[in-house]
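**Student:** Under the numbering used here, read the sequence shown as residues 66 to 478, first letter to last. Beta carbons are placed, not taken as given, at the ideal position from N, Cα and C, and that holds for glycine. Here's a structure for you.
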Amino acid sequence: MSRLVLKFGGTSVANVERIRNVARHVKREVDAGHDVAVVVSAMSGKTNELVEWCREAAPMHDAREYDAVVASGEIVTAGLLAIALQELGVQARSWQGWQVPVLTSDAHGSARIEAVDGAEIVKRFKERQEVAVVAGFQGLHAPTGRVTTLGRGGSDTSAVALAAAIGAERCDIYTDVDGVYTTDPRVVAKARRLDRVSYEEMLEMASLGAKVLQVRSVEVAMAHRVRTYVRSSFDDPADPSPGTLICDEDEIMEKQVVTGIAFSRDEAQITLRGVADKPGVAAAIFMPLAEAGINVDMIIQVVSDDASTTDITFTVPGGDYSRARKIIEDRGASIGYRSLQGANDVVKISAIGIGMRSHAGVAARAFKALAEKGVNIRAITTSEIKFSVLIDATYTELAVRTLHSLYGLDKAA
Ligand code: ADP
Ligand code: ASP
Ligand code: MG
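Here's what the structure looks like:
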């Protein structure tokens, strides 16, 4: 009998009525003869509330206790869904991460899954036809016996890792949109649903801001070749649509140069003017940031008129902005620069497509189109299958729509 993993996100389990609807989706797959493991998120808004309570209790708190608190949201939903399934006559039980167990690293708040032991779940498929309802987002660091969480959006990763562990035929990620779109459909009404998208493109889209899947879940899907669908939990459980398949590049017939546009508002820019143009300066700036665990993304260095100094611009995640500024300012004397300017009202817009490997001038067209709309570009990066531009946040929608149309992604009116 084939096995399936179904994952339901926060909006899909936002209240008891929606949990009943989720139970109907699960029952459909059970009735079709599948062995089913379900992974659930906390009810929508719950995790934010729990995070805020930890912050209120103490702005700097023990990360292990943060995990103990925020893991509770998923525990509630798993129990409620098991009850709703039993109510429909479906044999089901809930599982917390440590009960499975889902073994993780000890990086509390952003732990990595190291192993998932699906043996007991599989045994119960065989012996009792029992649906497993697993609390997503959480695991166990076995050496310390502590509960961990996987980082925001982590239930996607729980689901894909469980699918790999039990050899599931596919992993269905049910959410509040009916698939992966060419860009966030909440921002661009003309966004088009993709039937298929390659693991590599999805990985870039997720890394560059499309939060429909957690980045790590795509990495796990790609490494274990898990056939993953993104689909809507709001479809009629009796007549669902298939959604978007994340699959190998070879399985995609219709290859576009650009497949999608992603954007991330979680960016900040720091510019150092009048930095001495001599060996060792870049190391003096970037080593302390690396040591503090701050991820520097875009870097631009411009030689100024006097030839003896240079200007360096770089970006860091928005949440690390103040910390990064302070690190640089504290080392002002040893680095040596004339002035520091910073901005966190910036956004990074990216275009992604495997077709960029074989087409020249893709990014150049974007620079021209943005210039024509009067959008100033503060920084640029490119790589094999994507390019990104950093712009003022006020132009986010305009820039995303401009690039979306430019590359022919708008759906027919
Ligand atoms: P869940 O709670 O089910 O995990 P998320 O809110 O994490 O759902 O992810 C779904 C959201 O992702 C959608 O509501 C949509 O606004 C957003 N999103 C961003 N980019 C895309 C995209 N390219 N395709 C589809 N959805 C996207
Ligand atoms: N509940 C967690 C979050 O909101 C995990 C998830 O939903 O995937 O981040
Ligand atoms: Mg999510």
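1. Can you find a heavy atom of the ligand ASP that lies under 7 Å from the Cβ of Ala200?
2. So, at 6 Å on beta carbons, what are the nonlocal neighbours of Gly383 in its own chain, with the 5 sequence-adjacent residues on each side left out?
3. Would you identify the three-state DSSP class for Arg281, choosing helix, strand or coil?
4. Verify the contact flag: Ser220, CB atom, against every heavy atom of the ligand ASP, threshold strictly below 7 Å.
5. Might you give, ordered along the chain, the residues of its own chain that have their beta carbon closer than 7 Å to the beta carbon of Ala425, omitting 5 neighbours on each side?
6. Check the C-beta distance from Tyr472 over to Val253 and give it rounded, since I have them as a contact under 8 Å.
7. Start and end of the beta strand (DSSP E) containing Asp100?
8. Please confirm whether Gly418 and Ile445 have their CB atoms less than 8 Å apart.
9. Answer yes or no: do Val340 and Val361 have a C-beta to C-beta separation smaller than 8 Å?
10. With a 10 Å radius around its C-beta and 16 neighbouring C-beta atoms as the bar for buried, classify Val196 as buried or exposed.
11. In whole angstroms, give me the CA-to-CA distance for Val346 and Ile178.
12. Is Asp331 near the ligand ADP, in the sense that its beta carbon is under 7 Å from a heavy atom of that ligand?
13. May I have the straight-line CA-CA distance separating Pro353 from Ile392, to the nearest angstrom?
14. Measuring only the C-alpha atoms, how far is Ala229 from Arg403?
15. Return yes when the C-beta of Glu139 is under 7 Å from any heavy atom of the ligand ASP, and no when it is not.
16. Considering only DSSP beta bridges, list what Gly204 is partnered with.
17. Please report the distance separating the alpha-carbon of Asp313 from that of Val101.
18. So is the beta-carbon of Gly74 under 7 Å away from any non-hydrogen atom of the ligand MG?
19. Do you know whose CA, among Leu405, His99, Ile350 and Arg338, lies nearest Thr374's CA?
20. Span of the beta strand (DSSP E) holding Gln164?
21. Figure out for me which residue from Leu227, Asp304, Arg251 and Asp315 has the closest Cα to the Cα of Glu266.
22. In chain order, which alpha helix (DSSP H) runs of at least 4 residues are fully inside the stretch 318–374?
23. Does the stretch 79–87 touch the stretch 138–151, meaning 3 or more C-beta pairs lie closer than 8 Å?
24. Roughly how many angstroms separate the alpha carbons of Phe432 and Arg258, rounded to a whole number?
25. Between Thr112 and the ligand ASP, is the CB less than 7 Å from at least one heavy atom?
26. Please name the residue or residues paired with Phe379 in a DSSP beta bridge.
27. Does DSSP classify Tyr239 as helix, strand or coil?
28. Taking the Cβ atom as the reference point for each residue, do Ala416 and Val440 lie within a distance shorter than 8 Å?
29. Whose C-alpha, out of Val262, Ala157 and Asp132, is nearest the C-alpha of Gly144?
30. Lys451 bridges to which residues according to DSSP?
**Tutor:** Based on what the coordinates show:
1. It does not: the Cβ of Ala200 is nowhere closer than 7 Å to a heavy atom of the ligand ASP.
2. Asp331, Glu332, Ala333 and Asn409
3. helix
4. yes
5. none
6. With a beta-carbon spacing of about 12 Å, Tyr472 and Val253 fall beyond the 8 Å limit used to define contacts.
7. Asp100 to Val105
8. Taking C-beta atoms as the reference points, Gly418 and Ile445 fail to come closer than 8 Å.
9. no
10. Classification for Val196: buried.
11. Distance between the alpha carbons of Val346 and Ile178: 38 Å.
12. no
13. 7 Å
14. Spanning the two alpha carbons is a distance of roughly 53 Å.
15. yes
16. Thr213
17. Computed Cα separation, rounded: 24 Å.
18. yes
19. Arg338
20. Unbroken run through Gln164: none, as it is neither H nor E.
21. Asp315
22. 346–356
23. yes
24. 26 Å
25. Because some heavy atom of the ligand ASP lies under 7 Å away, the Cβ of Thr112 counts as near it: yes.
26. Ile335 and Ile364
27. strand
28. no
29. Ala157
30. Ile417 and Ser448
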